[in-house]
Ligand SMILES: Cc1cc2nc3c(=O)[nH]c(=O)nc-3n(C[C@H](O)[C@H](O)[C@H](O)COP(=O)(O)O)c2cc1C
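Written out as structure tokens, the structure reads:
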């Protein structure tokens, strides 16, 4: 297998967009788009007028053109939104997703992968979070329609995904077991996706089966996947707790340091000897964004590294220019000893996983801004299904309005300090919702501990850097 040394990590929502993934892929490494919340990203680009026509060009290649035109009729605004107007929303994810939502999920990930792969032969992957179970099937199918080369998935145990890829490759129906709070475990509730029902007009008999890379932090889980996954796993990304985004919780009872961050110990270190024994390729992630660390990973038997933080603030990233500049100026403008560290927040994410937060003025990292936000759940990717005592399924998110959460059987304690990542992460990429009460959603940046090392990518006198700068620097000792 011809394997990449550098995997540009999948970064949601829309941080690793098609431009970034394409730039990385054109330079011979693995570019990864984010599939998280991609339906909302695409319809917001259309409502912002799709100024360069990229989304519409990709939609023009979608294999069901009647549906493609319907999406344009519903969401495309040639002049963009009027100032102060809210974005039109699509419906919220759920187990029995209505047909229009399933179709939109397919089209949206098709568009992002199509653009990342357009007119070149480089490889492209798509990243999903296992926890977002109800939207993953349509996203995977859409990416496969566009010929995606790799599917990468973390934030859970993606045991059933390899089998889903096999089924979709034969254009067959696939389903996923859904975790439901309050239901027997394992739950017998499944979300399913049947290509012949969702897009009967798509005639392709078979699709390319992408390689599957599981993002995990322990060899126990790797072994479990090798033995019990429903199809083949082609490799692992071993992600440590210093990585940007969500982190796996520490093993054992949660202990916090003086700053209130989870304490990780020796038991959380991956057992690389065990990974080497498994024999599948693996990449190391979490502060591996330097030439020395790339070499170290190779010396340890890895095929390479997965890097996120360095790419999140390069020119091609989906993060708005003003936020990228604010980050670069703050973290590259000070003496090394004064650089503020990222905070591993045990509560911010409604998922309950620790989430890395970069402290930055004007974002929800500031407690006052967080408190001033009227709670609202209008995107819903992190809602979890709950079985009520009368047998119904309701969906709740710990960051939604507290009264709603409690009404659905949740406990007040679970809502404390939870942040609406759906809205904040869309704000990071310049797609902030303006709510009906006029409140404009604020950003919340995530980054790994490597944020304090961004300076290495800046040429003297420069205040920005490209994906090419990152790749040239990372591979200077190895290629
Ligand atoms: C802004 C940002 C967003 C991220 N979002 C995701 C995500 O949606 N899914 C995922 O599997 N990993 C996500 N990650 C983790 C990266 O894919 C990658 O594994 C990690 O950044 C590597 O460690 P590093 O940050 O030290 O380079 C994110 C990282 C960053 C910096």
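Residue numbers (the working numbering): 3 to 481. Cβ atoms here follow ideal geometry from the backbone N, Cα and C, with glycine treated the same way.
Determine the direct distance from the alpha carbon of residue 113 to that of residue 24, and round the result to whole angstroms. 13 angstroms
Could you pull the start and end residues of the beta strand (DSSP E) that residue 129 belongs to? The continuous beta strand (DSSP E) containing residue 129 extends over residues 126 to 131.
Regarding residue 428 and ligand 1, is the C-beta to nearest heavy atom distance less than 7 angstroms? no
Under the three-state DSSP convention, the category residue 193 falls into: Strand, per DSSP.
Whole angstroms are fine: how far does the CA of residue 447 sit from the CA of residue 350? Their Cα atoms are separated by approximately 12 angstroms.
Looking only at its chain, what residues have a beta carbon closer than 8 angstroms to the beta carbon of residue 228, apart from the 5 residues adjacent to it on each side? 235, 280 and 282
Quick check: the region 302 to 310 against the region 430 to 444, are there 3 or more CB pairs under 8 angstroms? no
Given this structure, state the Cα-to-Cα distance separating residue 455 from residue 237, to the nearest angstrom. 28 angstroms
Taking 7 angstroms as the cut-off, is the beta-carbon of residue 129 closer than that to any non-hydrogen atom of ligand 1? yes
Who are the near neighbours of residue 479 in its chain, counting only those whose CB is closer than 8 angstroms to its CB and skipping five residues on each side? 293, 294, 296 and 297
Excluding sequence positions up to five away, which residues of its chain have a Cβ less than 7 angstroms from the Cβ of residue 419? Only 349 and 350 meet the Cβ criterion.
When we look at the beta-carbon of residue 409 and count the other beta-carbons within 10 Å, is it buried (16 or more) or exposed? Flag for residue 409 reads exposed.
CA nearest to the CA of residue 61, picked from 17, 110 and 102: 110
In this structure, does DSSP put residue 21 in helix, strand or coil? Correct three-state label for residue 21: helix.
What would DSSP say about residue 538, mapped onto helix, strand or coil? As displayed, the chain neither begins before 3 nor continues past 481, which places residue 538 out of reach and without an answer.
Would you kindly work out how many angstroms separate the C-alpha atoms of residue 413 and residue 198, rounded to a whole number? 42 angstroms
In chain order, what residues of the same chain have a beta carbon less than 6 angstroms from the beta carbon of residue 104, not counting five sequence neighbours either side? 140 and 200
So, does the region 79 to 99 touch the region 33 to 47, judging by three or more C-beta pairs under 8 angstroms? By the Cβ test, the region 79 to 99 is in contact with the region 33 to 47, since at least three Cβ pairs between them sit closer than 8 angstroms.
Tell me whether residue 308 sits in a helix, a strand or coil according to DSSP, three-state version. strand
In whole angstroms, give me the CA-to-CA distance for residue 66 and residue 263. 48 angstroms
With distances taken Cα to Cα, identify the nearest neighbour of residue 395 among 342, 416, 250 and 191. It is 191.
Beta-carbon separation of residue 332 and residue 372 under 8 angstroms? no
Would you list the residues sitting across from residue 36 in a DSSP beta bridge? 129, per the DSSP bridge assignment.
Residue 266 to residue 356 span [Cα, whole Å]: 11 angstroms
Roughly how many angstroms separate the alpha carbons of residue 336 and residue 450, rounded to a whole number? CA-to-CA, the gap between residue 336 and residue 450 works out to about 18 angstroms.
Ligand 1 heavy atom lying under 7 angstroms from the CB of residue 31: no
Secondary structure, beta strand (DSSP E): runs of 3+ residues fully inside the region 384 to 463: 386 to 389 and 395 to 398
When you compare only the Cα positions, how much space is there between residue 315 and residue 185? Distance between the alpha carbons of residue 315 and residue 185: 42 angstroms.
For a test of the three-state rule: what should DSSP assign to residue 374, helix, strand or coil? Looking at residue 374 - three-state DSSP - the assignment turns out to be helix.
Does the beta carbon of residue 13 fall short of 7 angstroms from some heavy atom of ligand 1? yes
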